[in-house]
Structure formats: C-alpha cells, structure tokens
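Participant:
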Amino acid sequence: MTTPPAPPTTARALTPTPTRPLSLSRTTATATRVLRQLSHDPRTIALLMLIPCVMLFLLRYVFDGSPRTFDNIGASLLGVFPLITMFLVTSIATLRERTSGTLERLLAMPLGKGDLIAGYALAFGALAIVQSALATALAVWFLGLDVTGSPWLLLLVALLDALLGTALGLFVSAFAASEFQAVQFMPAVIFPQLLLCGLFTPRDNMHPALEAVSDVLPMSYAVDGMNEVLRHTDMTATFVRDALIVAGCALLVLALGAATLKRRTA
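Each residue of the sequence shown is one higher than the one before, starting from 38 at the first, in the numbering used here.
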C-alpha cells in the first residue's frame with residue numbers, strides 16, 4: 038500500500054504569521070523612520086514649519102488698517118493653515134511610500150497596518166506640535182492677536198487641527214494613484230470644509246441645507262473652538278465639545294485609513 042506523500046514543508050512558510058493589530062515598539066520604529074526620512078528633506082520641513090507662519094504674517098499686514106478684522110479671523114486661520122499643510126504633506130509622503138514599493142516591503146514584515154498608520158500619525162503629530170507652537174506664538178506674541186482666553190487653548194485646537202489634517206492625508210492617500218492625484222483631493226476634501234466652516238460667514242446664516250452639511254464637517258468645530266477661545270476667558274463646555282469632536286474625527290479617520298490601507302503598490 039502506497040503512503041501518500043507528505044505535504045511540502047514550505048507550505049507552512051507561505052502562511053502569514055499573524056501579528057498584533059498594534060505594537061508600541063513597531064509604531065515607534067515606524068515613526069522614527071519617517072522622522073529620519075523627513076530630516077533629509079529640508080523643503081518639506083520648511084513647508085510644514087514656515088508656511089503657516091508666513092500666511093499668518095501676510096494676513097496680519099493685509100489687514101494692517103483694520104487690526105480688529107485680523108483678531109476676528111486670525112484665530113480661526115490659526116487652525117486652518119496647519120490642517121491644510123499637514124494634509125498635503127502627509128498624503129504625498131504616504132503615497133510616495135506606496136508607489137516606491139516601500140509600503141509593500143514594510144507590510145511584508147511583521148508590521149501591521151495599525152502600526153504603520155499609528156507610526157505615521159505619531160511622526161507627523163510630533164511635527165504638528167512644533168508647527169502649531171510656532172504659529173500660535175507668532176500670532177499671539179508677535180502679531181498681536183487679541184484673544185480673551187488662554188493662548189494654550191489656541192495651541193490645543195491648532196494641534197488637534199494639524200492632527201486632523203494628518204489623519205485626512207493618510208486616509209485619502211489610499212485612493213490616489215499618483216502624487217498629482219493626491220493634490221487633487223484637496224479641492225474635494227478641504228475646500229468644501231473651508232467654505233462651510235463659518236470662517237466667511239456664521240453658519241447659522243447659511244442656507245439650511247448647507248448649515249446641515251456644515252454640522253457634520255470637523256473643520257466647523259475647529260473654527261467654533263477657536264472662536265470660543267477668542268470670546269471667553271475660561272474653558273467653556275462648548276469648547277470642550279468642539280475639541281472632543283475634532284479629536285474624535287481624527288481618530289475615526291485614522292481607523293478608516295488603517296482599514297483602507299492596501300498592501301499592493303499602485
């Protein structure tokens with residue numbers, strides 16, 4: 038009686054080893070690698086750190102004859118500018134990892150999608166802290182932005198906005214096939230929020246349909262949170278609500294980014 042041949046021993050090796058959804062060591066290693074790569078790209082560092090400051094500086098002297106106007110919109114833009122720059126840089130940097138094949142090689146290692154997304158969020162979050170601190174310090178102590186509340190609350194909202202921009206950039210990079218396409222997502226993702234967030238007119242003055250849409254956009258709550266700091270000396274319940282909504286949206290988008298991250302290259 039003939040004994041059936043044993044299955045090849047290499048079959049076990051073809052089965053991927055299950056990995057934990059999130060590991061602190063793998064996440065920090067990913068963040069360190071991203072920061073090391075960015076340190077060799079001074080133009081990206083300049084974009085992240087200087088562009089929001091330059092925009093605020095220009096805005097202050099555009100309204101040089103009406104400083105009150107700068108006070109009214111400067112705080113809101115203090116959160117909008119970091120969100121936009123972090124969105125652009127993060128989406129392009131993540132897409133570059135995919136198109137170069139780096140992402141595929143990383144995910145072939147014992148590295149989960151959650152580790153990769155969290156590592157990127159940690160790295161760009163560290164840059165967002167520096168970016169937000171520079172922009173807030175410039176606006177409050179150099180450009181004379183007059184706020185009733187604490188500048189530290191402004192910094193908190195600016196940081197949350199930058200993290201939200203990072204999360205949105207990571208998310209949309211999964212749907213772009215090139216860096217040009219990643220930039221094209223900006224009009225679709227950022228511009229509608231910019232128009233409906235209450236920066237140009239109070240949201241309750243909009244058409245009811247547009248007001249309903251603005252109620253579900255995270256940038257609306259970022260602007261509302263900045264306005265709370267602008268008008269109140271103490272932390273209000275509305276400010277806490279707005280900050281929690283922005284933070285929750287950032288976490289939700291990061292989770293969606295991990296779920297939609299593809300192993301194959303574009």
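Every residue, glycine too, gets a C-beta built ideally from N, C-alpha and C.
#1: How many angstroms separate the CA atom of T56 from the CA atom of A158?
#2: Which residue's Cα is closest to the Cα of A163: I82, V290, F222?
#3: Can you tell me where the alpha helix (DSSP H) holding C90 begins and where it ends?
#4: I'd like to know whether the C-beta atoms of G116 and A195 end up nearer to each other than 9 Å.
#5: Can you tell me whether M263 is helix, strand or coil according to DSSP?
#6: Have a look at S103 and L85 and give me their C-alpha separation to the nearest angstrom.
#7: Can you check which of these residues, L120, C90, R73, G181, is closest to Y258 by C-alpha distance?
#8: Thinking A172 and C90 are a contact (beta carbons under 8 Å), I'd like their distance in whole angstroms, please.
#9: Measuring alpha carbon to alpha carbon, tell me which residue in L192, D241, A213, T275 is nearest S113.
#10: Can you tell me whether L291 is buried or exposed? The criterion is at least 16 other CB atoms within 10 Å of its CB, across all chains shown.
#11: Quick test of your reading: A219 and L132, contact by CB under 8 Å. State the CB separation rounded to the nearest angstrom.
#12: Kindly indicate which three-state DSSP category T270 falls into: helix, strand or coil?
#13: Specify, as a first and last residue, the run of the alpha helix (DSSP H) that S76 falls within.
#14: Quick one: what's got a C-beta closer than 6 Å to F208's C-beta in the same chain, skipping five residues either side?
#15: Please go through the segment 143-200 and give each complete alpha helix (DSSP H) segment of 4 or more residues, from N-terminal end onward.
#16: Expressed to the nearest angstrom, what Euclidean distance is found between the alpha-carbon atoms of E216 and T238?
#17: Checking 9 Å against the spacing of the C-beta atoms, do G156 and R97 come in under that value?
#18: In terms of residue numbering, what span does the alpha helix (DSSP H) encompassing L231 cover?
#19: Taking the alpha-carbon of R73 as reference, which of T273, A246, A160 has the nearest alpha-carbon?
#20: Suppose you measure from the CA of T297 to the CA of A211; what does that come to, to the nearest Å?
#21: Go ahead and pull the three-state DSSP assignment for P239.
#22: Is the beta carbon of Q168 closer than 9 Å to that of A199?
#23: Considering only residues of the same chain and omitting the five flanking positions on each side of G262, which have a CB-CB separation below 6 Å?
#24: For A214, which three-state DSSP category applies?
Facilitator: Here's the rundown:
#1: At T56 the pLDDT is 46, less than 50, meaning the model places this residue with poor confidence; the figure from the coordinates comes in the next sentence. Distance between the alpha carbons of T56 and A158: 20 Å.
#2: The shortest CA-to-CA distance from A163 to any of I82, V290, F222 is the one to I82.
#3: First-last of the alpha helix (DSSP H) with C90: 79-99.
#4: Yes, the Cβ-Cβ distance between G116 and A195 is below 9 Å.
#5: Helix at M263.
#6: S103 and L85 have their alpha carbons spaced roughly 28 Å apart.
#7: Of the candidates L120, C90, R73, G181, the one whose C-alpha sits nearest the C-alpha of Y258 is L120.
#8: A Cβ-Cβ distance of about 6 Å is found for the pair A172 and C90, placing them in contact under the 8 Å criterion.
#9: Of the listed residues, the one whose Cα sits closest to S113 is L192.
#10: The residue is buried, with at least 16 neighbouring Cβ atoms inside 10 Å.
#11: The pair is a contact, with the Cβ atoms about 5 Å apart (cut-off 8 Å).
#12: In this structure, DSSP gives T270 a state outside helix and strand, which the three-state scheme calls coil.
#13: If you look at S76, you'll find it in the alpha helix (DSSP H) that goes 61-76.
#14: So the list reads V290, L293, G294, once near-sequence residues are dropped.
#15: Those alpha helix (DSSP H) runs which fall completely within the segment 143-200 and span 4+ residues are 150-174.
#16: For E216 and T238, the distance between alpha carbons rounds to 33 Å.
#17: Contact flag unset, no.
#18: From DSSP, the alpha helix (DSSP H) with L231 extends over 228-233.
#19: The residue with the shortest Cα to Cα distance from R73 is A160.
#20: About 6 Å.
#21: In the displayed model, P239 falls within coil according to three-state DSSP, outside both helix and strand.
#22: Contact: yes.
#23: If we look at G262 and ignore the five residues flanking it on each side, its Cβ neighbours are V194, F276, D279, A280.
#24: In this structure, A214 counts as coil in the three-state DSSP scheme.
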